[in-house]
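Structure first, commentary second.
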Ligand SMILES: C[S@@+](CC[C@H](N)C(=O)[O-])C[C@H]1O[C@@H](n2cnc3c(N)ncnc32)[C@H](O)[C@@H]1O
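In UniProt numbering, the protein residues as written are 1 to 279.
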């Protein structure tokens, strides 16, 4: 059956890359793992050999029969048909203890829905996913990996870097050239390892931090203080910048997560009187 573009299907055929993905997951025999998009089962086969329970969610109905035929006899395999973004897969396995609450995600995901998948696996700053996964080993587009792993001031560093790095550490595992897939994608790829941060909250007001980030990154390449002017007075911004060693002309793309958290605490909630003191 030919690969379907609309499902982002690119079958991984490099044994070496499959080995790197599995090694990065540091699987233990007692692990329960979630795989998104098992496809024709190249990764699935390796995962099944290494863990106690594997839940695989596949959207393409035509692959379900093949996967069931190939792995259906394995007691540690649970295949769910559906869209990972729509299906309540936790509810679907809640009464199957062998599969419930997987602690790791290992997947070669469809690139066209990377953002929503990350959000569903990590949650948001205001609402992190709990319990958090122990680690996520994902094959993503290189450009996305660059953004997820970037540090302040690097070209790729932006709102996505801050949002994800607030929730998880992110490391590159290896580069994956197009020839490692069939059919080859048009882009370079990278295996990454995300480790969600177990601490409950470091920011005392995550909802406000979300708003601050939205506003701070609203106009790209502009000075941050200009982006924040609609929320805070110049005096408030100057004082908070000084307290966190942020240069007056700094852009949002140069602030560390700690500086964002510091700003969020110091600036407090925006008030009309702060923006327009005579009102
Ligand atoms: C890049 S392929 C990876 C296939 C296989 N894991 C491999 O490495 O060869 C992405 C897989 O995700 C499946 N898929 C696409 N959208 C999906 C969704 N919303 N939910 C679950 N699976 C999806 C595709 O059908 C395909 O099997």
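Built from N, CA and C at the ideal position, the CB exists for glycine as well.
Predicted, not measured: the structure shown is a model, and the values here were computed from it.
Quickly, what does DSSP pair residue 128 with across the bridge? List them, please.
Position 128 of the chain shown, counted from the first residue, corresponds to residue 128. DSSP lists 123 as partners of residue 128.
Residues near residue 203 in its chain [Cβ-Cβ closer than 7 Å; skip 5 each side]:
What you label residue 203 is simply residue 203 of the chain shown in a count that begins at 1. Around residue 203, the same chain offers 209, 261, 264 as residues with beta carbons nearer than 7 Å, after the five sequence neighbours per side are excluded.
Within 10 Å of its beta-carbon, does residue 190 have 16 or more other beta-carbons around it, so buried, or fewer, so exposed?
Stepping through the chain shown from its first residue, residue 190 is reached at position 190. Taking every protein chain shown into account, the CB of residue 190 has 16 or more other CB atoms within 10 angstroms, so this residue is buried.
Cα-Cα, which of 101, 92, 141 is closest to residue 115?
Looking up residue 115 in the chain shown gives position 115. That would be 141, whose Cα lies nearest to the Cα of residue 115.
Using the three-state DSSP reduction, which class does residue 207 fall into: helix, strand or coil?
Reading the chain shown from its first residue, position 207 is the one you call residue 207. Correct three-state label for residue 207: helix.
DSSP beta-bridge partners for residue 54?
In the chain shown, counting from the first residue as 1, residue 54 sits at position 54. Residue 54 is bridged to 33, 77.
CA-CA distance, residue 25 and residue 146?
Your numbering for residue 25 matches position 25 in the chain shown. Your numbering for residue 146 matches position 146 in the chain shown. Taking the CA atoms as reference points, residue 25 sits about 20 Å from residue 146.
Assuming residue 150 contacts residue 157 (C-beta within less than 8 Å), just tell me the rounded distance between them.
Residue 150 sits at position 150 when you count from the first residue of the chain shown. Residue 157 sits at position 157 when you count from the first residue of the chain shown. Contact between residue 150 and residue 157 holds: CB atoms are separated by about 4 Å, below the 8 Å threshold.
Quick check: the stretch 29-41 against the stretch 55-63, are there 3 or more CB pairs under 8 Å?
Touching, per the Cβ criterion.
Compute every distance between the C-beta of residue 40 and the non-hydrogen atoms of ligand 1, then say whether any falls below 7 Å.
Along the chain shown, read from residue 1 onward, the residue named residue 40 stands at position 40. With a cutoff of 7 Å, residue 40 counts as near ligand 1, since its C-beta is closer than that to a heavy atom of the ligand.
Under 8 Å, do residue 126 and residue 216 count as touching if we go by C-beta distance?
In the chain shown, the residue the question calls residue 126 occupies position 126. In the chain shown, the residue the question calls residue 216 occupies position 216. By the CB criterion at 8 Å, residue 126 and residue 216 fall outside the cutoff.
Please list the segments of the beta strand (DSSP E) lying wholly inside the stretch 177-260, counting only runs of 3 or more residues, in order along the chain.
Uninterrupted beta strand (DSSP E) stretches at least 3 residues long and entirely within the stretch 177-260 occur at 189-196, given in chain order.
Alpha-carbon spacing of residue 174 relative to residue 20, whole angstroms:
By one-based count along the chain shown, residue 174 stands at place 174. By one-based count along the chain shown, residue 20 stands at place 20. Taken atom to atom, the span from the alpha-carbon of residue 174 to that of residue 20 is near 8 Å.
Looking at the structure shown, is residue 87 part of a helix, part of a strand, or coil, going by DSSP?
Within the chain shown, residue 87 is the residue found at index 87, counting from 1. Here residue 87 sits in coil by DSSP.
Can you determine whether any heavy atom of ligand 1 sits closer than 7 Å to the C-beta of residue 10, and answer yes or no?
Position 10 of the chain shown, counted from the first residue, corresponds to residue 10. The answer is yes for residue 10.
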